[in-house]
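Trainee:
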Amino acid sequence: MKEIEASLNTLDRVVQYLNETLPQDAIVFLRGDLAAGKTTLTQAIAKAKGIASEVTSPTFSLQQCYEGKEGQNLYHYDLYRLEHEEFMQMGLFEEFEKSGWHIVEWGSDALKAFLEGVGYNVVLIEIAPSENGRIYKIES
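Using our numbering, the letters of the sequence shown map in sequence onto residues 61 to 200.
1) Hey, could you find the ends of the alpha helix (DSSP H) residue 77 is sitting in?
2) So what's residue 195 in DSSP terms, helix, strand or just coil?
3) Taking the straight line between their C-alpha atoms, what separation do you get for residue 90 and residue 162?
4) Report yes or no: do the segment 108-115 and the segment 169-186 share at least 3 C-beta pairs separated by less than 8 Å?
5) Under 8 Å between the Cβ atoms of residue 195 and residue 65?
6) Do you know whose CA, among 132, 75, 77, 61, lies nearest residue 158's CA?
7) Could you tell me which residues DSSP pairs with residue 62 in its beta bridges?
8) Let me confirm a value: residue 135 is counted as buried when at least 16 other C-beta atoms fall within 10 Å, else exposed. Which label applies?
9) Measure the alpha-carbon distance for residue 173 versus residue 200 and round it to whole angstroms.
10) Tell me, to the nearest whole angstrom, how far the beta carbon of residue 138 is from that of residue 104; I am working on the premise that it is less than 8 Å.
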């Protein structure tokens, strides 16, 4: 597990570490309390991938898709009110076949276990407040 402490001004250190360690196709679960900075981290990742459009939390749409430079696509999910079974019934599981990074906010342990069970490598990032910003615990 890698632990990085970062403020808004140094969030690029977290993104740089992810860019250096994650493959082109990855599933990243973000965990943290409300207002922990999950969408803020996703925005920083999108910026690094050359995505110019505004990145917002897909709370009501469940998923936002962004096309980055050189095929570095980003898929952003917010599963706050969605149970594992509902996710599967909606057919969203097939979305993980698309090339790019899939950022999942509020993903359940059941979904994570399922994805790992069918062969996906899932990275978990837990975000917690600290005196100087946030602590990002990255588990892959």
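Beta carbons: idealized from backbone N, C-alpha and C, even for Gly.
Mentor: According to the structure data:
1) 72-81
2) Three-state result, residue 195: strand.
3) 10 Å
4) Contact fails: fewer than three Cβ-Cβ distances are below 8 Å.
5) yes
6) 132
7) 198
8) Its Cβ being crowded by 16 or more others within 10 Å, residue 135 is buried.
9) Approximately 13 Å between the Cα atoms of the pair.
10) Not really, about 17 Å apart at Cβ, beyond 8 Å.
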